[in-house]
Every structure is written in C-alpha cells, then in structure tokens.
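The next block holds one structure in the form of structure tokens; read it before the comments.
Numbering (our numbering), first residue to last: 1258 to 1543.
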C-alpha cells in the first residue's frame, strides 16, 4: 500500500472492526495518487474472512477469489467515459441479493465524478437506504463535480499529496530514483505520475519539455519540430509553461517584468481553454 494511504486505511479498518464503518466512503485524491488501487485493497480487506492486523490474510477463500477477480460479492464500475444510469442500475440490482460468500458486499465505483445526473440519482436511493453489510467505495478526482445530494450521504475522505521529502523517500525506496522539486511541481506532487514520467515516458516528460524549450532559445531546435513532438500533450505543455511563468513572476526583479509574466500567463491560460475545442490545430497553439 502506498504510504500516503496508510493512515486512512487504519482509520477505516478500525471502524470496520468496531462495526461502525460508514456504508458509503468517498475517496477524493488527485490523479496519480493511486486511489483506485487503494479502494481495491480496502475491498479485499473488508471481504477477507480472517483479516490480520486490519489487512486481508491473503489465504482464505475470499482472498483467493479476490486475487482471481472472481469474488461473487464484489462489484466494480470502472469506465474511461461517463458512468451511465444503466451501469449503476445493473450494479444495484446485484447488490440486492444476499452475500454469497462473505458477510459483506462491496461495490467500487471508480471515477464517480463522471456519473451522469441520472446515474447519480439512481444511486441516491441506495445511499439513503443501504442494504445490510453493503459498502460503496467511490473514488473521485474532482469532488465538486458530484451532486450535493450524493456528497451529503457519503463519508468524505480527502487524501492530500505527500510532501517533497516523502516523495523523494518513496521514489528512492521503490524505484531508486531521485527528482528535483520543479519536476514534482510539474506533476502536482502526484507520486505515480512522477514515477511514470521518469520511467515510462522520459522522452516526453517535463524535463524533456524544459530541455526542448532551452534548445529553441539557443537556436538548436526549430519551433515546428517542437510543435510536432509535443502537440499530443498540448494541454499539459501549456500547464507546465504556466508553472514556469508563475515561478518567473515570483522571482521577477521589478514590477514591469512581473506584469509581463502575468500577461503571458493569462494568454497561456486562454490557450489552455482553446485546446479542448474540437478542430483546434494543437501544433499551431504550441
């Protein structure tokens, strides 16, 4: 389990052991924190027949079925797009049945903040009148996108990003990597995003972006080549550029320079809005 989730895990499992765990748990964390992995681990622990030290034993029938992704009392809604009302209704029908193996039933809803309004309303009755020993685990990246009626019926658990020191320690321990703090800022201190950028996409991560900007400034790279390389990440690149401008603004030697950086930053913000529109040539934006 990722270290930044350990305290929350202990709190929730202690409540479960005391039979006082809320039936609907909302886990709010930015992308790249590992919240989906966390709720799946929590589901394993809740369904385990003989948890040891508040964690799944890994050996009982329930754990073996969880590991094989075939547990009959565990249901998952995971979608890269909007979660539809039909997906919610189908899962809720299954929850009406008695638990087949465990005393508990668990429904995981990943990206619950992408539910349509109809889907959220369909979920509402179950949140208001939960069936016995049934737990709903919802993950969100943007809690403001949930309907207030959903929020008011869930126990909200927000997990903040770890500190620079904690990220440094985790990267060193798990990946034998070190990283500068401006790289952490570029990925909003989200450890998994940082690790992915370092290990899986080094040619298109923030450090490479900075190097290419420097190459343009020195005349070593043409702006057309830069746009060709980065256009598929146009939104992220503009976000990185804003971070760099904010840093420049904070360290500006005078008011005139500060105003200049603020003006450019505002222009970049407007361009970030434009790149979401269909038909926009992202090469030209960059």
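By construction, the Cβ of each residue, glycine as well, lies at the ideal position given by its N, Cα and C atoms.
Next on the checklist: Please report the straight-line C-alpha distance between residue 1309 and residue 1303, rounded to a whole angstrom.
Outcome noted: Near 11 Å, if we compare the C-alpha coordinates of residue 1303 and residue 1309.
Checklist entry - Out of 1495, 1262, 1504, 1280, which has the shortest C-alpha to C-alpha gap to residue 1386? => result Put simply, of 1495, 1262, 1504, 1280 the residue whose alpha carbon is nearest the alpha carbon of residue 1386 is 1280.
Next on the checklist: Once DSSP output is grouped into helix, strand and coil, what is the label at residue 1362?
Outcome noted: It is a strand residue.
Checklist entry - Are the Cβ atoms of residue 1268 and residue 1418 separated by less than 8 Å? => result No. Outside cutoff.
Checklist entry - Any idea if residue 1343 is buried or exposed, counting beta-carbon neighbours within 10 angstroms, 16 or more meaning buried? => result Exposed is the call here.
Checklist entry - Roughly how many angstroms separate the alpha carbons of residue 1454 and residue 1513, rounded to a whole number? => result One Cα belongs to residue 1454, the other to residue 1513, and the distance between them is close to 35 Å.
Checklist entry - What is the DSSP secondary structure of residue 1397, counted as helix, strand or coil? => result In the three-state DSSP reduction, residue 1397 falls in the strand class (E or B).
Checklist entry - Buried or exposed: which applies to residue 1319, given that a residue is buried once 16 or more other Cβ atoms fall within 10 Å of its Cβ? => result Counting Cβ neighbours within 10 Å, residue 1319 comes out buried, since at least 16 surround it.
Next on the checklist: Using C-beta distances below 7 Å, list every residue in its chain close to residue 1420, excluding the 5 sequence neighbours before and after it, in chain order.
Outcome noted: Around residue 1420: no qualifying Cβ.
Item to check | Per-residue DSSP class, three states only, for residue 1545 | outcome: Because the chain spans 1258 through 1543 in this model, residue 1545 falls outside it and cannot be assessed.
Item to check | Beta-carbon spacing of residue 1371, residue 1340 below 8 Å | outcome: In this structure, the beta-carbon distance from residue 1371 to residue 1340 falls below 8 Å.
Item to check | For residue 1442, the first and last residue of its enclosing alpha helix (DSSP H) | outcome: In the DSSP annotation of this structure, the continuous segment of the alpha helix (DSSP H) that includes residue 1442 starts and ends at 1438 to 1443.
Checklist entry - For residue 1402, is the classification buried or exposed, using 16 other Cβ atoms within 10 angstroms of its Cβ as the cut-off for buried? => result It counts as exposed.
Checklist entry - Should residue 1399 and residue 1358 be called a contact, given that it needs their Cβ atoms to be closer than 8 Å? => result Cβ distance not < 8 Å, so residue 1399 and residue 1358 don't count as in contact.
Checklist entry - Cα-Cα, which of 1376, 1384, 1382, 1391 is closest to residue 1361? => result Nearest C-alpha to residue 1361 among 1376, 1384, 1382, 1391: 1391.
Checklist entry - Taking the alpha-carbon positions, what's the residue 1285 to residue 1291 distance? => result Across the structure, residue 1285 and residue 1291 are spaced so that their CA atoms are roughly 11 Å apart.
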